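Colleague: One structure, as structure tokens, below. Some questions next.
Residue numbers (the working numbering), protein chains in the order written: chain A, 2 to 716; chain B, 23 to 756.
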């Protein structure tokens with residue numbers, strides 16, 4: 002964090018979490034400040050304004066001196082997700098085909114256990130239904146049906162539509178959603194429902210917005226599509242009003258930029274975008290975007306991103322400079338259909354409780370966590386069960402007098418006593434051996450997650466650089482990266498604020514996709530193949546037009562947008578596809594279809610064992626995808642010259658006893674901010690900062706580069 | 023079988039043959055009572071951290087192998103419903119870690135490996151690095167032929183150090199009737215393709231002749247092919263994982279770990295039994311039926327009505343053992359509903375994994391603490407190599423359901439009331455074929471059946487439409503996906519009113535799908551909950567309704583559609599489509615049969631598929647008024663049942679809504695209790711009446727008499743108990 006005043010502030014990132022609102026301001030030289038304030042859920046703009054004041058206080062600047070020079074501002078937050086979890090959304094009315102009115106309460110069965118741990122997935126008495134977002138009384142059926150080919154089986158019963166729209170309006174709904182089976186194949190019924198609803202609203206002089214699935218989410222899979230549609234209406238619209246208020250606050254402070262919102266697919270979109278539901282999950286995406294930015298700046302193509310937080314461990318891959326996308330995420334027990342940066346998560350954070358099972362005498366982590374209450378070492382925390390952090394204190398990794406820069410005084414004695422009674426004695430180990438063992442086990446769990454993430458996609462760790470961030474990342478990275486053989490292990494000195502940093506690295510972009518379901522006519526006559534190529538290009542063109550129109554709303558010219566077409570593709574008959582980027586210039590003429598095949602086969606053989614290749618089945622295109630991007634100015638990385646005396650005396654804080662490799666070792670400690678470029682810390686060593694602690698393991702060395710990024714490698 | 027000898031080519035540990043290892047392992051267990059003779063868990067006690075590290079890596083690896091590999095499949099059963107499972111086994115075939123999914127196969131895959139070892143596959147056909155083996159033979163080790171298993175041996179420096187095993191549930195295996203649980207086969211030859219533990223590939227590739235044979239023998243070769251690739255790819259992922267563990271920690275640590283992991287699984291299960299159950303003997307019986315006596319298509323020996331006896335006796339030993347006996351089960355028959363002992367063990371295991379031992383340490387260790395006594399010659403252990411098993415789930419599900427009550431009584435006695443679950447019902451599995459241009463059935467098989475109502479608990483109502491006894495990860499699947507592979511469309515998928523068994527806590531609700539045929543002609547069959555409910559209430563709770571069938575042919579739906587007239591989407595009162603006043607057509611079939619042979623249907627015919635509700639717990643008169651009100655408000659219980667069974671006094675409000683009057687209900691319930699007391703007789707007297715009116719004169723229908731006759735023949739032990747219970751002469755027979 003830079004404490005020097007600056008007049009060249011370029012970017013603003015805002016992360017409105019459930020409890021705290023963080024803001025980050027980045028200047029032209031890569032310096033930044035972070036402000037914090039309590040989130041104000043009723044009107045987020047209030048918390049935002051306080052957070053801004055807090056941040057700029059470090060630079061001793063007033064907001065109106067800063068906002069006019071900012072070129073890019075990005076919002077991310079959990080308010081939409083919280084609205085969903087707390088069931089505080091709009092009063093939605095829903096129209097479906099008759100016979101489908103129970104879809105939400107049935108939850109397809111699957112939502113009763115989706116997102117559960119392995120043990121709870123097995124344990125049937127723990128499975129639960131959730132309160133539907135739309136009450137059954139506001140879900141109405143209308144006669145009609147389409148089949149899988151889009152052929153009308155039952156005509157739309159228009160009198161039903163009129164009746165139920167009247168009923169919904171009488172029920173006082175805020176909006177109406179329409180989701181009919183196979184509407185992505187033939188949207189005629191949905192469109193007609195919307196028309197009739199419009200007529201009824203004209204007649205009754207009461208108008209509410211209508212959301213139609215073939216517009217919001219034109220994709221196969223009725224249940225996930227319904228959830229996605231309903232969440233857009235239920236939670237996204239109220240959030241849009243919040244966002245508009247925050248945007249207004251930025252304008253009042255002199256902003257000339259248009260506030261954008263972080264979307265789950267890894268771009269940022271305008272507050273007025275038609276698909277705001279894609280911003281449902283934005284917070285965890287930040288770290289990945291920051292990693293992608295580093296990958297560009299440092300010329301690293303493959304990165305494993307890792308984030309150790311208080312309650313969870315998140316990981317994601319950047320491959321060839323791009324984050325990976327999943328299309329069917331489940332979030333908060335909802336099965337959804339929207340593109341999201343593929344981030345895997347495990348309930349393995351540093352605040353996790355550690356227990357020895359009295360029956361099996363085996364160490365168990367969580368699943369619950371002390372969160373911000375830290376552990377038994379926190380006298381004010383009221384925690385009685387030992388956490389991973391307590392173990393970190395016992396072995397000497399953490400400094401009880403310098404937690405959060407000394408804001409919170411921790412008790413080493415309490416930690417030792419807790420570990421002794423709860424872990425060491427039941428396991429028959431000494432206190433420090435038990436604590437070190439727990440940490441080793443915790444880190445080896447994290448390591449195995451990374452190993453399966455990388456190898457499960459057909460890669461080797463040697464193909465990747467590991468990037469560690471999050472408050473707990475630097476403490477454990479030495480352990481969870483050891484022995485995997487990554488090319489390099491990076492720890493930015495601003496690891497604790499890396500997600501916020503990542504937010505301001507996001508490009509302005511839109512991603513639209515559409516179900517197409519077309520078999521690749523490889524054996525067809527040239528004419529047919531040529532027509533196929535033309536049709537595909539035409540579909541991309543339609544998606545492009547939507548993107549251009551979204552950008553136009555923010556005054557961006559189409560010439561400034563860079564477009565990337567993709568298809569989702571599978572062997573004919575399969576149910577899971579993979580995303581293939583298409584070089585448009587190579588796709589021309591009847592013989593060019595092989596371009597798609599080659600790229601698909603290359604990816605498929607890597608992801609699944611090559612024994613799984615099945616070209617004899619033919620190829621099938623499921624989705625056409627188009628992404629339009631407007632690059633925005635991103636923070637530059639700090640640049641400092643290498644110092645001759647890179648580890649000045651001021652950086653040496655002293656020594657303390659750390660339990661390393663089975664024995665107590667006097668271990669030097671350092672102040673992170675005082676280390677200069679070129680500094681090398683040999684392990685065992687501890688580098689402390691107010692927001693994080695970096696444990697350098699024995700036989701390793703951490704070297705600070707000119708961008709204030711540590712490189713951890715074997716000594 | 024000849025005696026195993028150690029040869030230079032032995033592939034087991036320390037130059038033993040696999041057979042020697044298996045024999046030694048079994049001897050070690052029987053002489054020490056510990057798996058692998060692990061009286062001490064040296065690694066776990068000496069280096070608990072390393073032990074846990076290995077455990078979490080192996081377990082995580084098996085789970086991720088499943089998640090990655092299932093994306094290869096094309097079949098909705100595998101790719102979407104998750105009907106697959108992976109496990110990692112010791113060289114002797116004992117599972118040390120398994121994924122989620124169809125966990126019933128922890129047992130079957132183990133036993134198939136043991137079969138290959140016992141039959142000296144090491145010598146012929148040989149077991150080499152890179153080989154692939156396959157099995158789907160129920161007589162060797164399977165639940166039914168539609169579950170196809172793949173095995174890949176994992177070698178390290180010439181030693182077989184583990185097996186990777188996987189299984190997927192196939193849409194069709196070429197049985198005489200299409201579908202994955204065919205009803206109709208009466209012997210092995212009609213059950214479909216048989217792959218009796220075969221070596222089917224080497225150097226990580228399948229033999230071309232094997233592939234040709236399989237794809238010619240099934241109705242859905244595309245699904246078959248991709249499912250097989252799914253299994254093989256997952257096994258190869260597992261092999262890579264294991265070799266990685268060995269590279270990191272050494273072969274000795276791995277060998278020590280696999281032994282201890284199984285023994286640790288056994289111990290943790292034993293502890294669980296001691297902690298959660300009270301020692302003693304528990305009993306529960308359920309029944310299952312089918313009615314084929316009018317089926318002209320079947321030969322005489324198969325065209326019968328049959329009742330299955332599923333009598334479960336569970337003995338919980340104080341030292342933490344479960345001895346489960348099915349003495350009293352009746353004879354096997356000429357139908358596809360027979361089970362094999364290994365299927366029974368699998369069904370038992372699947373239930374235990376979801377209840378008594380549901381944690382992340384489950385593995386085959388538990389099987390060493392459980393014995394299963396199955397009378398030879400019964401449906402649970404036919405002992406004949408030509409019996410049919412294509413649909414053993416019809417009887418296996420009632421077996422698992424029956425176990426829920428003994429276990430729950432044990433939890434209740436120990437105070438683990440949160441674990442109590444009254445049981446589960448069966449569903450109706452819709453399957454069949456659609457004639458292709460070549461006149462051959464393209465099979466379909468709908469598994470939304472796994473979303474049933476669970477039985478009630480002590481602290482909560484049963485889970486609605488999302489649970490079954492055989493599979494923890496219940497999922498109905500997308501309608502758009504089912505309609506893409508089936509010749510019937512969904513007119514409705516709705517919560518079924520009054521489908522829960524009532525009680526102080528009610529069972530979970532079921533749901534139903536009303537299907538409309540959307541091709542010119544197809545053939546449809548189903549199986550499931552029959553005339554007799556295969557579940558029962560607990561502690562005074564009611565069972566859920568039993569099964570029925572409702573179909574309609576030659577409907578006038580086209581006219582209704584074109585005239586924009588209302589059409590049915592559900593069947594609220596059993597046998598009454600929700601538009602009862604509509605003239606739907608003449609050929610309505612409504613009976614109490616859910617297991618049926620293939621029947622032809624044509625466009626616009628209606629077919630009802632019901633996933634039933636769960637049984638209740640406790641006296642329905644004790645059901646809280648607000649709980650009844652909730653069900654009335656949600657339309658999940660009718661006023662009629664609330665009044666008749668729960669004693670609710672219901673007023674109709676001005677807007678037509680039903681309101682339970684708490685005061686009047688309390689009065690009504692007092693009256694009902696007084697009435698009960700007036701009608702009650704001491705059990706001893708009731709038994710005397712029953713004995714004289716029913717048992718002694720043998721006043722039962724023929725299927726019941728036949729069931730008891732064969733049960734008594736097959737088990738003199740159970741016959742003795744039966745005669746003693748009813749105070750009958752020693753030579754009493756049916």
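The beta-carbon is built from N, C-alpha and C at its ideal position, and this holds for glycine as well.
As the structure is a prediction and not an experimental result, all values here were calculated from the model.
Given a limit of 7 Å on CB to CB distance, which residues of the segment 150–174 of chain A reach chain B?
Modeller: Residues passing the 7 Å Cβ filter: 154, 155, 156, 158 and 160.
Colleague: Just verifying my parser: in three-state terms, what is the DSSP assignment at residue 631(A)?
Modeller: Here residue 631(A) refers to the residue found at position 630 of the first chain. Looking at residue 631(A) - three-state DSSP - the assignment turns out to be strand.
Colleague: Name the residues in the segment 202–222 of chain B whose C-beta lies less than 9 Å from a C-beta of chain A; which are they?
Modeller: Those residues of the segment 202–222 of chain B that come within reach of chain A (Cβ to Cβ, closer than 9 Å) do not exist; the list is empty.
Colleague: Let's see if you can read the secondary structure: which residues bound the alpha helix (DSSP H) around residue 127(B)?
Modeller: Your numbering for residue 127(B) matches position 105 in the second chain. Segment 127–140, the alpha helix (DSSP H) holding residue 127(B).
Colleague: Under 7 Å Cβ-Cβ, which residues of chain B neighbour residue 577(A)?
Modeller: By one-based count along the first chain, residue 577(A) stands at place 576. Residues of chain B passing the Cβ test: 93 and 101.
Colleague: For residue 539(A), count the other beta carbons within 10 Å of its own beta carbon; 16 or more makes it buried, fewer makes it exposed. Which is it?
Modeller: Here residue 539(A) refers to the residue found at position 538 when the first chain is read from its first residue. Exposed, by the Cβ-count rule.
Colleague: On the DSSP bridge list, what partners appear for residue 779(B)?
Modeller: With chain B covering 23 to 756 only, the question about residue 779(B) has no answer from this structure.
Colleague: Taking CB distances under 9 Å as the criterion, tell me whether residue 30(B) reaches chain A.
Modeller: Taking the first residue of the second chain as 1, we reach residue 30(B) at position 8. At residue 30(B), the pLDDT of 48 sits below 50, so the modelled position is not reliable and the matter cannot be decided from this model.
Colleague: Let me know if residue 543(B) comes out buried or exposed under the rule of 16 or more other beta-carbons within 10 Å of its beta-carbon.
Modeller: Here residue 543(B) refers to the residue found at position 521 of the second chain. Exposed, since its Cβ has fewer than 16 Cβ neighbours within 10 Å.
Colleague: So, is the C-beta of residue 238(B) closer than 9 Å to a C-beta in chain A?
Modeller: Position 216 of the second chain, counting from 1, holds the residue named residue 238(B). Cβ-Cβ to chain A under 9 Å: no for residue 238(B).
Colleague: Report the rounded CA-to-CA distance for residue 449(B) versus residue 571(B), giving the unit in angstroms.
Modeller: What you label residue 449(B) is simply residue 427 of the second chain in a count that begins at 1. What you label residue 571(B) is simply residue 549 of the second chain in a count that begins at 1. Approximately 12 Å, taken between the alpha carbons.
Colleague: With DSSP collapsed to three states, give me the class of residue 719(B).
Modeller: Taking the first residue of the second chain as position 1, residue 719(B) is located at position 697. Residue state, collapsed to three classes: coil.
Colleague: Which parts of the segment 512–564 of chain A are runs of the beta strand (DSSP E), unbroken and 3 residues or longer, counting only runs that do not cross its ends?
Modeller: Entirely contained in the segment 512–564 of chain A, not one beta strand (DSSP E) run reaches 3 residues.
Colleague: Round the Cβ separation of residue 145(A) and residue 290(A) to the nearest angstrom and send it over; I've been treating them as touching at under 8 Å.
Modeller: In the first chain, the residue the question calls residue 145(A) occupies position 144. In the first chain, the residue the question calls residue 290(A) occupies position 289. At roughly 43 Å, the Cβ-Cβ gap does not stay under 8 Å, so residue 145(A) and residue 290(A) are not in contact.
Colleague: Ignoring anything shorter than 3 residues or poking outside the segment 397–462 of chain B, list the beta strand (DSSP E) runs there in chain order.
Modeller: Runs of the beta strand (DSSP E) inside the segment 397–462 of chain B: 450–457.
Colleague: Kindly identify the DSSP beta-bridge partner or partners of residue 182(B).
Modeller: As a first step, residue 182(B) must be located in the second chain, where it is residue number 160. Per DSSP, 177(B).
Colleague: Unbroken beta strand (DSSP E) runs of length 3 or more, entirely within the segment 83–148 of chain A: which are they?
Modeller: As far as the segment 83–148 of chain A is concerned, its whole beta strand (DSSP E) runs of at least 3 residues are 93–98 and 140–143.
Colleague: Which partner residues does residue 37(A) have in the DSSP bridge list?
Modeller: Taking the first chain and counting its residues from 1, one reaches residue 37(A) at position 36. In the DSSP output, where bridge partners are listed per residue, residue 37(A) has 23(A).
Colleague: Rounded to whole angstroms, what's the CA-CA distance from residue 467(B) to residue 693(B)? Just pull it up for me.
Modeller: Here residue 467(B) refers to the residue found at position 445 when the second chain is read from its first residue. Here residue 693(B) refers to the residue found at position 671 when the second chain is read from its first residue. Rounded to whole angstroms, residue 467(B) to residue 693(B) spans 50 Å at the Cα level.
Colleague: Mind pulling the alpha helix (DSSP H) runs of 4 or more residues that sit fully within the segment 302–388 of chain B?
Modeller: Runs of the alpha helix (DSSP H) inside the segment 302–388 of chain B: 363–376.
Colleague: Drop a sphere of 10 angstroms on the beta-carbon of residue 666(B), count the other beta-carbons inside from all chains shown, and report buried for 16 or more, exposed for fewer.
Modeller: The residue given as residue 666(B) occupies position 644 in the second chain. Under this definition residue 666(B) is an exposed residue.
Colleague: To the nearest angstrom, report how far apart residue 34(B) and residue 72(B) are at their CA atoms.
Modeller: Translated into positions along the second chain, residue 34(B) becomes position 12. Translated into positions along the second chain, residue 72(B) becomes position 50. Taking the straight line from one Cα to the other gives about 25 Å.
Colleague: Kindly give me the distance between the Cβ atoms of residue 528(B) and residue 445(B), rounded to whole angstroms, as I take these residues to be in contact under 8 Å.
Modeller: Counting from 1 along the second chain, the entry for residue 528(B) is found at position 506. Counting from 1 along the second chain, the entry for residue 445(B) is found at position 423. Rounded, the Cβ-Cβ distance is 13 Å, inconsistent with contact.
Colleague: Does any residue of chain B bring its CB to less than 9 Å from the CB of residue 515(A)?
Modeller: Counting from 1 along the first chain, the entry for residue 515(A) is found at position 514. Cβ-Cβ to chain B under 9 Å: no for residue 515(A).
Colleague: Among all the DSSP beta bridges, which residues are the ones paired with residue 566(A)?
Modeller: What you label residue 566(A) is simply residue 565 of the first chain in a count that begins at 1. The partner list for residue 566(A) (beta bridge, DSSP) reads 627(A).
Colleague: Between the alpha carbons of residue 356(B) and residue 214(B), how many angstroms are there, rounded?
Modeller: The sequence position of residue 356(B) within the second chain is 334, counting from 1. The sequence position of residue 214(B) within the second chain is 192, counting from 1. Answer to the nearest angstrom: the Cα atoms are 16 Å apart.
Colleague: Beta carbons nearer than 8 Å to chain A: which residues of the segment 501–532 of chain B have them?
Modeller: For the segment 501–532 of chain B, which is checked against every Cβ of chain A, the residues closer than 8 Å are 501, 502, 503, 505, 506, 511, 512, 513, 514, 515, 516 and 517.
Colleague: At a CB-CB cut-off below 7 Å, which residues of chain A make contact with residue 583(B)?
Modeller: Locating residue 583(B) in the second chain gives position 561, counting from the first residue. Here the neighbours are 155 and 156.
Colleague: Is the beta carbon of residue 106(B) less than 9 Å from the beta carbon of residue 256(B)?
Modeller: Reading the second chain from its first residue, position 84 is the one you call residue 106(B). Reading the second chain from its first residue, position 234 is the one you call residue 256(B). Cβ atoms of residue 106(B) and residue 256(B): closer than 9 Å.
Colleague: Going by DSSP in three states, residue 696(A) sits in which element: helix, strand or coil?
Modeller: Counting from 1 along the first chain, the entry for residue 696(A) is found at position 695. Three-state result, residue 696(A): strand.
Colleague: Return yes when the Cβ of residue 405(A) is within less than 9 Å of the Cβ of residue 448(A), no when it is not.
Modeller: Working through the first chain from its first residue, we reach residue 448(A) at position 447. Working through the first chain from its first residue, we reach residue 405(A) at position 404. No, these two residues do not count as a Cβ contact at 9 Å.
Colleague: Can you give me the C-alpha to C-alpha distance between residue 110(A) and residue 484(B), rounded to a whole angstrom?
Modeller: In the first chain, residue 110(A) corresponds to position 109, counting from 1. In the second chain, residue 484(B) corresponds to position 462, counting from 1. Computed Cα separation, rounded: 13 Å.
Colleague: Cβ closer than 8 Å: which chain A residues qualify as neighbours of residue 376(B)?
Modeller: Translated into the one-based positions of the second chain, residue 376(B) becomes position 354. Within 8 Å Cβ-Cβ: 123, 124 and 125.
Colleague: So residue 681(A) is in the beta strand (DSSP E); what residue range does that whole segment cover?
Modeller: Stepping through the first chain from its first residue, residue 681(A) is reached at position 680. Unbroken beta strand (DSSP E) run through residue 681(A): 681–683.
Colleague: Relative to the alpha-carbon of residue 671(A), which residue among 664(A), 179(A), 657(A) and 663(A) has its alpha-carbon at the smallest distance?
Modeller: Residue mapping note: residue 671(A) aligns to position 670 of the first chain, counting from 1. For the residues 664(A), 179(A), 657(A) and 663(A), the minimum Cα distance to residue 671(A) belongs to 657(A).
Colleague: Whole angstroms are fine: how far does the CA of residue 644(B) sit from the CA of residue 671(B)?
Modeller: What you label residue 671(B) is simply residue 649 of the second chain in a count that begins at 1. What you label residue 644(B) is simply residue 622 of the second chain in a count that begins at 1. Roughly 14 Å separates the two Cα atoms.
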